[in-house]
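What follows is a set of notes on a single structure, which appears directly below.
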Amino acid sequence: MNQKSESAQPGEEGEGTLLSHLFELRTRLLRSVLCILVVFLALFPFANTIYTYLAGPLMAHLPEGASMIAIEVAAPFLIPFKLVLMLAIVISVPFLLYQAWAFIAPGLYKHEKRLAVPLLVSSTLLFYLGMAFAYFVVFPLIFAFFTASAPEGVAVMTDISRYLDFIILLFLAFGIAFEVPIATILLVAMGLTTPQQLAAKRPYVIVGVFVVGMVLTPPDIISQTLLALPMWVLFEIGIILSRIMIKKKAEAEGRDPGDATDGPLSESDMDEELDRAEAEERRNRQRQDT
2 MNQKSESAQP GEEGEGTLLS HLFELRTRLL RSVLCILVVF LALFPFANTI
52 YTYLAGPLMA HLPEGASMIA IEVAAPFLIP FKLVLMLAIV ISVPFLLYQA
102 WAFIAPGLYK HEKRLAVPLL VSSTLLFYLG MAFAYFVVFP LIFAFFTASA
152 PEGVAVMTDI SRYLDFIILL FLAFGIAFEV PIATILLVAM GLTTPQQLAA
202 KRPYVIVGVF VVGMVLTPPD IISQTLLALP MWVLFEIGII LSRIMIKKKA
252 EAEGRDPGDA TDGPLSESDM DEELDRAEAE ERRNRQRQDT
């Protein structure tokens, strides 16, 4: 009986750990949903005002006397509702990322935590910066082009539902596009590539960003170009930051910075790095216990 109970203890301990993780995940998700709900309720009374503000770049270039229209019966209510819900999610992103971080952080190594926190903060700021670039730079240019291109005798009357879908697509496209430096740094930090290899593939990257611009934006050359050019610039910034990161890491480890950029780590080197990180983590835990 004692042997059976002792053999069952590891399984019971594993079940308890799994259940505790599931309960914590449930708590984090509920907090995230509650945050979105609170922000949504706070913004909903201003839904029409917010939509009017977002429609400003288009309204500024409509012909005199022209206005936007609502084709569907429920659109005047549903479209501001949809807009506020999307805006509540965007505003809640820092809190949502914090909840995700609080859930996964206990399972990360110390060096992983040092890299993750700056990346989470900078990726959030870059996403917001991409949306701001779309609103203040891209929207005025493309709406001026669209309205000026209308044939004579054609009345420009944009449906509020289609306009919202259009700007949401552009907001997401530019927000994601501005994450290019983060993706570049992650690839280098994981040892999958080096800044030198990325720089050597610059011609392919330039073609790629224009293809991405063509896929993510509406079918007009202005939107595609305005998305592709910032992505190219951000790619170059990512290479520069990756070089700085590698140089600082090499100096901290007492190595020649040039040796850290020869290429991705081999399997044996990666195993050595993992063993070293695990040993360092064990030493830190022993110090904490003592």
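As numbered in our numbering, residues 2 to 291 make up the sequence shown, in order. Even glycine gets a Cβ: it sits at the ideal position worked out from N, Cα and C.
Return yes when the Cβ of residue j is within less than 7 angstroms of the Cβ of residue i, no when it is not.
{"i": "I143", "j": "M69", "result": "no"}
{"i": "F45", "j": "V74", "result": "no"}
{"i": "A178", "j": "L228", "result": "yes"}
{"i": "L130", "j": "E180", "result": "no"}
{"i": "G239", "j": "Q225", "result": "no"}
{"i": "Q100", "j": "R32", "result": "yes"}
{"i": "S124", "j": "I183", "result": "yes"}
{"i": "F104", "j": "R29", "result": "yes"}
For residue i, collect the residues of the same chain with a Cβ closer than 6 angstroms to its Cβ; drop the 5 residues on either side in sequence, then sort them by chain order.
{"i": "F172", "result": "M132 and A135"}
{"i": "G176", "result": "F128, G131 and M132"}
{"i": "F211", "result": "A229"}
{"i": "S267", "result": "At S267 the pLDDT is 49, less than 50, meaning the model places this residue with poor confidence and gives no usable figure here."}
Note down, in chain order, each residue of its chain lying with its Cβ closer than 7 angstroms to the Cβ of residue i, except the 5 sequence neighbours on either side.
{"i": "S243", "result": "T185, I186, V189 and P196"}
{"i": "A149", "result": "none"}
{"i": "L165", "result": "I80, K83 and L84"}
{"i": "H62", "result": "F144, A145 and T148"}
{"i": "A174", "result": "L217, T218 and L228"}
{"i": "I207", "result": "W233"}
{"i": "A151", "result": "V157"}
{"i": "E25", "result": "F104"}
{"i": "A89", "result": "I37, V40, F41 and L44"}
{"i": "A76", "result": "I161 and S162"}
{"i": "L235", "result": "F179, V181 and P182"}
{"i": "A106", "result": "K114"}
Looking at C-alpha atoms only, which residue of the options is the closest neighbour of residue i?
{"i": "C36", "options": "L97, I169 and K83", "result": "L97"}
{"i": "W233", "options": "T218, R115 and Y205", "result": "Y205"}
{"i": "A156", "options": "A174, T18, E65 and Y110", "result": "E65"}
{"i": "R277", "options": "K111, F175, V216 and A56", "result": "K111"}
{"i": "L230", "options": "M246, V139 and K249", "result": "V139"}
{"i": "E281", "options": "E153, A251, R163 and E113", "result": "E113"}
{"i": "I72", "options": "S93, L20, T159 and F236", "result": "T159"}
{"i": "V91", "options": "H22, A103 and F41", "result": "F41"}
{"i": "A200", "options": "E237, G176 and V212", "result": "E237"}
{"i": "F137", "options": "Y54, P95, V122 and F24", "result": "Y54"}
{"i": "V122", "options": "F24, P107, L20 and P95", "result": "P95"}
{"i": "G154", "options": "L23, R284 and A67", "result": "A67"}
For residue i and residue j, which I take to be in contact (beta-carbon distance under 8 angstroms), what is that distance rounded to the nearest angstrom?
{"i": "I219", "j": "P141", "result": "In the sequence under discussion, the amino acid at residue 219 is Pro, which differs from the Ile named in the question. No, P219 and P141 are not in contact; Cβ-Cβ is about 15 angstroms, not under 8 angstroms."}
{"i": "I169", "j": "M87", "result": "6 angstroms"}
Output needed for residue i: all residues of its chain with C-beta closer than 8 angstroms, excluding positions within five of it in sequence on either side, in chain order.
{"i": "A56", "result": "M69, I161 and Y164"}
{"i": "S93", "result": "S33, C36, I37 and V40"}
{"i": "A48", "result": "P81, F82, L84 and V85"}
{"i": "L116", "result": "A190"}
{"i": "L109", "result": "A117"}
{"i": "W102", "result": "A117, V118 and L121"}
{"i": "F167", "result": "P219"}
{"i": "N285", "result": "K111"}
Is any heavy atom in the ligand COA found nearer than 6 angstroms to the beta carbon of residue i?
{"i": "F144", "result": "For the ligand COA, the structure offers nothing, since it holds no ligand at all."}
Every unbroken alpha helix (DSSP H) within the segment 42-89, with a cutoff of 4 residues, ordered by chain: Correct list: 48-55 and 57-60.
Every unbroken beta strand (DSSP E) within the segment 119-148, with a cutoff of 3 residues, ordered by chain: Positions of the beta strand (DSSP E) runs, each at least 3 residues long and wholly inside the segment 119-148, cannot be given because no such run exists.
Any alpha helix (DSSP H) of 4 or more consecutive residues that is wholly inside the segment 169-225: Within the segment 169-225, the complete alpha helix (DSSP H) runs of at least 4 residues are 181-190, 196-201 and 203-217.
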